[in-house]
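Residue numbers (the working numbering): 170 to 300.
Think of the CB as a built atom: it goes at the ideal place given N, C-alpha and C, for glycine as much as any other residue.
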C-alpha cells in the first residue's frame, strides 16, 4: 500500500507519467524509478538544485547511467542522515530489493522541510488488531 501512496506522491511532486500510472495500478513504480531520473527530479523539486548532471532519455538507459543517477539520489539521502534506510544503487537499477527502496523513500518523505508547500506523503494508517 505504501508503494501506491509513494507513486502518487512522486507523481504529484514531479509530474512523472510513469509514477502516475503506477499510482493508478497501471504500471510498476520500480520500473518508473529504474533510471533514477524521477528520483533526482523528486529531490530537485523539494530541494532545488541539489542534484546536477542527471542523465536523461536514451542516455539514461544504460546500466552505468542508471546507477549514476540513482547514486546521486542515495548520496543526497545520506546527507540527510538516512543511512539506516539507504539502498544499494545497483539493486534498483537491476530490479532487486525494491522493499528497501520503498523504505528509503518513506524515510525521505519524513525529511521534507516544513517550509516546502508542495504535496506531502501520507503513509498508510496503522491498523490495530484487537485480541
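Practice task
Quick one: give me the first and last residue of the alpha helix (DSSP H) that residue 266 is part of.
Solution key: Going by DSSP, residue 266 is part of no alpha helix (DSSP H) at all; its letter is neither H nor E.
Exercise for the section: Under 6 Å Cβ to Cβ from residue 210, same chain only, skipping five residues before and after it: list those, please. Expected result: Once the five neighbours on either side are set aside, the close Cβ partners of residue 210 are 183.
Problem - Test item: CB-CB of residue 227 and residue 204 under 8 Å - result: No, Cβ-Cβ distance for residue 227 and residue 204 is not below 8 Å.
Handout entry: Given 8 Å, three or more beta-carbon pairs between the stretch 254–261 and the stretch 279–288
Key = Judged by Cβ distances under 8 Å, the stretch 254–261 makes no contact with the stretch 279–288, as fewer than three pairs qualify.
Practice task
Tell me whether the beta-carbon of residue 200 lies closer than 8 Å to the beta-carbon of residue 187.
Solution key: In this structure, residue 187 lies closer than 8 Å to residue 200 by Cβ.
Practice task
Give a yes or no on whether the C-beta atoms belonging to residue 290 and residue 178 are separated by under 8 Å.
Solution key: For the 8 Å CB-CB criterion, residue 290 and residue 178 form a contact.
Handout entry: alpha helix (DSSP H) segment containing residue 206, residue limits
Key = First-last of the alpha helix (DSSP H) with residue 206: 206–215.
Practice task
Tell me where the alpha helix (DSSP H) around residue 183 begins and ends.
Solution key: For residue 183, the enclosing alpha helix (DSSP H) covers residues 171–183.
Practice task
Please list, in chain order, all residues of the same chain as residue 249 whose beta carbon is under 6 Å from its beta carbon, the five residues on each side excluded.
Solution key: 280.
Handout entry: Spatial distance of residue 202 from residue 276 (CA atoms)
Key = In a straight line, the C-alpha of residue 202 is about 16 Å away from that of residue 276.
Handout entry: DSSP-derived helix/strand/coil call for residue 190
Key = Helix at residue 190.
Handout entry: Residues near residue 224 by beta carbon distance below 7 Å, same chain, minus five either side
Key = Spatial neighbours of residue 224 in its own chain (CB-CB distance under 7 Å, excluding positions within 5 residues in sequence) are listed in chain order as 234, 237, 238.
Problem - Buried versus exposed call for residue 286 [16 or more other C-beta atoms within 10 Å across all chains shown] - result: Residue 286 is exposed by the Cβ-count criterion.
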